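Chemist: My questions all concern the structure below.
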Amino acid sequence: MKKIIAVSSLALMVGIVGVGCSSEKTATKIDEPKTVSVQKEKEKELAAKDIFKNAIDNFKKEEHVTMTCDMNTKALNMSTDTKMKSQFEPKKGNSRTETNIGGTDLVVFDVGGKIAAEVKDPNSGKFVPVPADRLNQVNANNFKTSKNTMEEFEKTLQLTGKMKVEKNGDTYKLSFQLNGQEAKDYLISVNENAKKIFERQQATVDSMHVEYIITKEFKLESIKTDAKMKMNKETVQIIGDTKISYDEKFDPIQLPEGN
306 MKKIIAVSSL ALMVGIVGVG CSSEKTATKI DEPKTVSVQK EKEKELAAKD IFKNAIDNFK
366 KEEHVTMTCD MNTKALNMST DTKMKSQFEP KKGNSRTETN IGGTDLVVFD VGGKIAAEVK
426 DPNSGKFVPV PADRLNQVNA NNFKTSKNTM EEFEKTLQLT GKMKVEKNGD TYKLSFQLNG
486 QEAKDYLISV NENAKKIFER QQATVDSMHV EYIITKEFKL ESIKTDAKMK MNKETVQIIG
546 DTKISYDEKF DPIQLPEGN
C-alpha cells in the first residue's frame, strides 16, 4: 500500500468569536468618559465569548452535521488541492471522513473512540479494509474528526482576548491570528499527532489566521484557515475553506463489518 502523508485540515481549523457593533458618530461618543469606553470593551469581550460558546453548545446538540473542506497546499513551487467530507454525530461523538490523498480514496470511521479505515482498490473500484497494524500508514488517527473538532472548540474558548469581531447583517465574522511558537503550540494542543508530524518534518509555524462565520441563531456556518509554516526548511502554505451543513441526513455511523 502506498504510504500517505497528510496533515489533518481540522487541526488547522481554530476559531475565535466576537461581536462588532455599528454606531453613529455623535458628540457624546467623542466625549465619552473613559470608564464607559472600558465598560463597552468588556461587554464586547463577554459577548464574543458568549456567542462562540452558544455556537459550540448548539453544535454538540445536533444529530447530523456535515463538513466539506477544500484545502490547498503550496510547497516546492507546487500546488495541491485536497477535498474532505466529514459526517458527524456530535451527540454520540462519532464521525465518518472521506478524502483523497495522493490519488488514493480513503474513508476513516471513528465510532466510540475506535478507528477503522478503508481504501479504494483501483482495480476493482471497491473499498477494502486497512489492517489495524497499517492504520498509521494512512494517518488514520489524524482523522479522529469528532474528537479533534470538539477539542478545538474548547481550546478556542480560551483565546477570546485575541478576537477580531465584525458584524455583517445576520452573521458574525470571528477571526484571530497566532504567530510563531504560539501558533505551533496551539496546533499541537488540538491534535495529538501534530507534535510528531512537526518533529518528523522539522516544522516551524510562521503564522495561522482563522475566520469563523456564525449565524444570528448561533450556528457555525463556515471556517477559513490560512497557515504558513516551514517543513524541512521549505516554505509551506495551507489554505482551508470549510462549509458546514445541518440539513443532510445520513444513516447512523457504524464501523465497517469485521471491525
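Okay, so the sequence shown: first residue is 306 according to the numbering used here, each after it adds one.
Cβ atoms here follow ideal geometry from the backbone N, Cα and C, with glycine treated the same way.
Note that this is a predicted model, so its numbers are computed, not measured.
Nearest by alpha-carbon distance to residue 473: which of 459, 467, 433, 517 is it?
Modeler: If we check each option's Cα against that of residue 473, 517 comes out closest.
Chemist: When the Cα atoms are used, what is the spatial distance from residue 475 to residue 458?
Modeler: So the alpha carbons of these two residues sit roughly 22 Å apart.
Chemist: Count the other C-beta atoms from every protein chain shown that fall within 10 angstroms of the C-beta of residue 257, then say buried if there are 16 or more, exposed otherwise.
Modeler: Examination of residue 257 is not possible in this model, given that the chain is present from 306 through 564 alone.
Chemist: Could you give the DSSP three-state label for residue 564: helix, strand or coil?
Modeler: It is coil, neither helix nor strand.
Chemist: Would DSSP call residue 325 helix, strand or coil?
Modeler: Caution applies to residue 325, whose pLDDT of 27 falls short of 50 and renders its modelled position unreliable; the value that the coordinates give is listed next. Residue 325: coil per DSSP, three-state reduction.
Chemist: With 16 as the cutoff for other CB atoms within 10 Å, does residue 327 come out buried or exposed?
Modeler: Summary for residue 327: the model assigns pLDDT 29, below 50, so the residue's position carries little reliability; its value from the coordinates is reported in the next sentence. Classification of residue 327: exposed, given that the 10 Å Cβ count is below 16.
Chemist: Determine the extent of the beta strand (DSSP E) in which residue 494 is found, giving its start and end residues.
Modeler: No beta strand (DSSP E) holds residue 494; the alpha helix (DSSP H) holding it covers 485 to 495.
Chemist: Is there a Cβ from chain C that is less than 8 Å from the Cβ of residue 470?
Modeler: Looking for chain C here will not work: only one protein chain is present.
Chemist: Which of helix, strand or coil does DSSP assign to residue 508?
Modeler: Reduced to three states, the DSSP call for residue 508 is coil.
Chemist: Under 8 Å, with one C-beta from each stretch per pair, do the region 517 to 529 and the region 356 to 372 reach the 3-pair mark?
Modeler: Cβ pair count under 8 Å is three or more, so yes.
Chemist: Given that a residue counts as buried once 16 or more other Cβ atoms are within 10 Å of its Cβ, and exposed if not, what is residue 391?
Modeler: Buried: at least 16 other Cβ atoms inside 10 Å.
Chemist: Between the alpha carbons of residue 480 and residue 429, how many angstroms are there, rounded?
Modeler: Taking the straight line joining both Cα atoms gives about 45 Å.
Chemist: Pick out whichever of 536, 406, 504, 494 has its Cα sitting closest to the Cα of residue 454.
Modeler: Comparing Cα positions, the closest option is 494.
Chemist: Whole-angstrom Cβ separation of residue 388 and residue 404, contact assumed at under 8 Å?
Modeler: 7 Å between Cβ atoms; contact.
Chemist: Buried or exposed: residue 400, going by 16 or more other Cβ atoms within 10 Å of its Cβ?
Modeler: That one is buried.
Chemist: So for residue 417, helix, strand or coil by DSSP?
Modeler: Correct three-state label for residue 417: coil.
Chemist: Return the chain-ordered ranges of every beta strand (DSSP E) run that is complete within the region 358 to 414 and spans a minimum of 3 residues.
Modeler: Qualifying beta strand (DSSP E) stretches, in chain order: 370 to 380, 383 to 394, 399 to 406.
Chemist: Please state the DSSP three-state secondary structure of residue 463.
Modeler: The answer is helix: DSSP assigns residue 463 an H, G or I state.
Chemist: Are the Cβ atoms of residue 561 and residue 421 separated by less than 8 Å?
Modeler: Yes. Within cutoff.
Chemist: Indicate whether residue 424 and residue 409 have their beta-carbon atoms separated by less than 8 Å.
Modeler: Yes, Cβ-Cβ distance for residue 424 and residue 409 is below 8 Å.
Chemist: Can you tell me whether residue 412 is buried or exposed, with buried defined as 16 or more other CB within 10 angstroms of its CB?
Modeler: It counts as buried.
Chemist: With DSSP as the reference, please indicate the residues paired to residue 450 in a beta bridge.
Modeler: BP columns for residue 450 are empty, so no partner.
Chemist: Are residue 559 and residue 536 touching if we call contact CB-CB under 8 Å?
Modeler: Not in contact: residue 559 and residue 536 (Cβ atoms no closer than 8 Å).
Chemist: Are the beta-carbon atoms belonging to residue 511 and residue 529 less than 8 Å from one another?
Modeler: No, the Cβ-Cβ distance between residue 511 and residue 529 is not below 8 Å.
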